[in-house]
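A.B. asks: Got a structure here, written out as structure tokens. Questions coming.
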């Protein structure tokens, strides 16, 4: 399917140029002419003159001045009222205004500043001073305009980025396996973080007696982390690692470690827990590459559930070449629930900023669920409660497999 | 976070304090790489005053260790609080980074 993705806004790369533009509002044509001459030698300053104060706002909207010079004493309109109008007009709300008066009057000056004027000059000012003030005020205003433009561009580009991340998260979700019902039952939740982490997971029958299950977590965030996660998951799904028995967790992890060295993956690496359930022997063989242990919860007939942490000392995948990934095995007796998860589930801080401990998380997972509430919903609900928020800094994945 | 640097002979000791997470790991990583690129070959990282290490923090250690390995150097950690040791154990980093209870232990092993 062809889709149109909007490109990033152009303003991100280049700030708009704003020429120094002066608008003089004065009913005396002589003053207009005098100022025009003063600015004649200033090639970079555009000059517009408005002799009719009733047309001043309209003209300002047309020429977008970076500074307005305005006479205070004019027929038909009171100069101070016009200052007020300029401030009420959206296009000139922040434009610097220099009011011109025929004499120094502290009271009038104070009134003009009170209404929003930025500067005050007695007519006719010295050209050097006038030009200096025009440049000074214009520069500040242009900086303000460019800052506002940069801010708008940033907001746009963040929206764009958030949309891309949401799309990538949807893609990862579409690759995750549907929950299973039957001899082996599964349930899961995948909650991508706002910046999209690199979680993914999967499970499938290798043959009628062997069930492979895995969850991996790429370091870092963003689309890049998600892509690496998907590549690794696809190799496990399609069993395309060279010279590797997918029944041997240690071999699988060693092969992944050879295939994805971090130098080739933009310095990203990942952690993974991979296990194979043998339904005839009722046994799980597993290995971890820097991943937190899977939790095997055995419901006891009475008393608290028993939890075993299925961990091995293997290092993260892609970190160092030629490290060993030992496998371990665990025999099942009765009914068991196995939990695979990413550290985003328990590496959380409560509203008071205190981090949850791993032991607290283990106690939560192995605790009883009230009638009518699934174990996963209970765990996810409690994690939300502890965080006091629905947004996550890291992806949050948890898979329950019931044997 | 804060980083205090001291020396014992040709060994550089970095004493870190605070949180080592995605907000601070770059600063630590740059400091580490600058030392290695400056020719330092024996490094001890004192984590006594570190309260939290995220996966981004771990990555900084790894990037530093790899650069140092290429240069033929050695790195050791010391004084990890129990929760920090747990992070290193869970991530398999304990098999990549020798850790010692005290600065002295680390200093005599790099």
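Protein chains in written order, with my numbering: chain A, 54 to 456; chain B, 2 to 111.
The beta carbon of each residue, even a glycine, is placed where N, CA and C say it ideally should be.
Going by C-alpha distance, which of 99(B), 89(B), 45(B) and 36(B) is nearest residue 57(B)?
C.D. replies: Your numbering for residue 57(B) matches position 56 in the second chain. The candidate whose alpha carbon is nearest that of residue 57(B) is 89(B).
A.B. asks: Under 9 Å Cβ-Cβ, which residues of chain A neighbour residue 64(B)?
C.D. replies: As a working mapping, residue 64(B) is identified with position 63 in the second chain. When 9 Å is used as the limit between beta carbons, residue 64(B) is near these residues of chain A: 315 and 320, in chain order.
A.B. asks: Tell me the residue span of the beta strand (DSSP E) that contains residue 389(A).
C.D. replies: Position 336 of the first chain holds residue 389(A). Counting along the chain, the beta strand (DSSP E) containing residue 389(A) begins and ends at 389–394.
A.B. asks: Assess, as a yes-or-no matter, whether the segment 378–391 of chain A is touched by the segment 333–341 of chain A under the definition of 3 or more beta carbon pairs within less than 8 Å.
C.D. replies: Put simply, the segment 333–341 of chain A touches the segment 378–391 of chain A. At least three CB pairs are less than 8 Å apart.
A.B. asks: Whole-angstrom Cβ separation of residue 43(B) and residue 75(B), contact assumed at under 8 Å?
C.D. replies: Stepping through the second chain from its first residue, residue 43(B) is reached at position 42. Stepping through the second chain from its first residue, residue 75(B) is reached at position 74. Right, the Cβ-Cβ distance comes to about 6 Å (below 8 Å), so this counts as a contact.
A.B. asks: Applying the 10 Å Cβ sphere with the 16-neighbour rule, what's the burial state of residue 16(B)?
C.D. replies: In the second chain, the residue the question calls residue 16(B) occupies position 15. The residue is buried, with at least 16 neighbouring Cβ atoms inside 10 Å.
A.B. asks: Can you name the residues of chain B whose CB is closer than 7 Å to the CB of residue 367(A)?
C.D. replies: Taking the first chain and counting its residues from 1, one reaches residue 367(A) at position 314. By Cβ distance, chain B contributes 93.
A.B. asks: Tell me whether residue 408(A) sits in a helix, a strand or coil according to DSSP, three-state version.
C.D. replies: If you number the first chain from 1, residue 408(A) lands on position 355. Here residue 408(A) sits in strand by DSSP.
A.B. asks: Ignore the nearest five residues each way along the sequence and tell me which others in residue 112(A)'s own chain have a CB closer than 6 Å to its CB.
C.D. replies: Translated into the one-based positions of the first chain, residue 112(A) becomes position 59. Correct list, in chain order: 103.
A.B. asks: Just to confirm the assignment: which complete beta strand (DSSP E) runs, minimum length 3, are found wholly within the segment 341–391 of chain A?
C.D. replies: 347–351, 359–363 and 381–384
A.B. asks: I'd like to know whether the C-beta of residue 113(B) is nearer than 8 Å to at least one C-beta of chain A.
C.D. replies: The requested residue 113(B) does not occur in the structure, where chain B is confined to residues 2 to 111.
A.B. asks: Per DSSP, which residues does residue 268(A) bridge with? Please list them.
C.D. replies: If you number the first chain from 1, residue 268(A) lands on position 215. 254(A) and 326(A), per the DSSP bridge assignment.
A.B. asks: Out of 278(A), 91(A) and 78(A), state which residue places its alpha-carbon closest to the alpha-carbon of residue 150(A).
C.D. replies: Within the first chain, the letter at position 97 stands for residue 150(A). The candidate whose alpha carbon is nearest that of residue 150(A) is 78(A).
A.B. asks: Could you confirm whether any beta carbon from chain A is found closer than 8 Å to the beta carbon of residue 87(B)?
C.D. replies: Walking along the second chain from the start, residue 87(B) turns up at place 86. Taking Cβ atoms only, chain A reaches closer than 8 Å to residue 87(B), which makes this a yes.
A.B. asks: Residue 276(A) versus chain B: which residues are under 7 Å apart at the beta carbon?
C.D. replies: Residue 276(A) sits at position 223 when you count from the first residue of the first chain. Chain B residues near residue 276(A): none, gap ~17 Å exceeds 7 Å.
A.B. asks: Keeping to the same chain, check which residues put their C-beta closer than 6 Å to that of residue 345(A); ignore five residues upstream and five downstream.
C.D. replies: On the first chain, position 292 is the one that residue 345(A) refers to. Cβ within range, chain order: 396.
A.B. asks: Assuming residue 307(A) is part of the alpha helix (DSSP H), what are its boundary residues?
C.D. replies: Translated into the one-based positions of the first chain, residue 307(A) becomes position 254. Boundaries of the alpha helix (DSSP H) around residue 307(A): 302–312.
A.B. asks: Looking at the structure shown, is residue 150(A) part of a helix, part of a strand, or coil, going by DSSP?
C.D. replies: In the first chain, counting from the first residue as 1, residue 150(A) sits at position 97. If DSSP states are grouped into helix, strand and coil, residue 150(A) belongs with the strands.
A.B. asks: Going by DSSP in three states, residue 183(A) sits in which element: helix, strand or coil?
C.D. replies: Position 130 of the first chain holds residue 183(A). Under the three-state reduction of DSSP output, residue 183(A) falls in the helix class.
A.B. asks: Nearest CA to the CA of residue 222(A): which residue from 431(A), 279(A), 171(A) and 449(A)?
C.D. replies: Within the first chain, the letter at position 169 stands for residue 222(A). Nearest C-alpha to residue 222(A) among 431(A), 279(A), 171(A) and 449(A): 279(A).
A.B. asks: Listed in chain order, which residues of the segment 427–445 of chain A have Cβ atoms closer than 8 Å to some Cβ of chain B?
C.D. replies: Here the close residues number zero.
A.B. asks: Tell me the DSSP bridge mates of residue 420(A)?
C.D. replies: Taking the first chain and counting its residues from 1, the one referred to as residue 420(A) is at position 367. According to DSSP, residue 420(A) bridges with nothing at all.
A.B. asks: Would you say the beta carbon of residue 80(B) comes nearer than 7 Å to a heavy atom of the ligand SAH?
C.D. replies: In the structure on display, the ligand SAH does not appear, and there are no ligands present to speak of.
A.B. asks: Given 8 Å as the limit, is there contact between the segment 245–254 of chain A and the segment 433–453 of chain A, that is, 3 or more CB pairs closer than that?
C.D. replies: Taking a contact to require three or more Cβ pairs closer than 8 Å, the segment 245–254 of chain A and the segment 433–453 of chain A qualify as touching.
A.B. asks: Helix, strand or coil, according to DSSP, for residue 233(A) in the structure here?
C.D. replies: Sequence index remark: in the first chain, residue 233(A) carries index 180 (1-based). Coil.
A.B. asks: Spatial neighbours of residue 321(A) within its chain, please: C-beta separation below 8 Å, excluding the five flanking residues on both sides.
C.D. replies: Residue mapping note: residue 321(A) aligns to position 268 of the first chain, counting from 1. Taken in chain order, the residues that qualify are 251, 271, 272, 273, 277, 278, 281, 315 and 371.
A.B. asks: What three-state label does DSSP hand residue 73(A) in the structure shown?
C.D. replies: Within the first chain, residue 73(A) is the residue found at index 20, counting from 1. Correct three-state label for residue 73(A): strand.
A.B. asks: Of the residues 73(B), 106(B), 97(B) and 101(B), which one's Cα is nearest the Cα of residue 37(B)?
C.D. replies: Here residue 37(B) is taken as the residue at index 36 of the second chain, counted from 1. The shortest Cα separation from residue 37(B) among 73(B), 106(B), 97(B) and 101(B) belongs to 73(B).
A.B. asks: Interface residues of chain A around residue 27(B) at Cβ under 7 Å?
C.D. replies: Residue mapping note: residue 27(B) aligns to position 26 of the second chain, counting from 1. Neighbours of residue 27(B) on chain A: none; closest Cβ ~12 Å, over 7 Å.
A.B. asks: Looking only at C-alpha atoms, which of 235(A), 230(A), 247(A) and 234(A) sits nearest to residue 289(A)?
C.D. replies: The residue you call residue 289(A) lines up with position 236 of the first chain. Minimum Cα distance to residue 289(A) is reached at 230(A).
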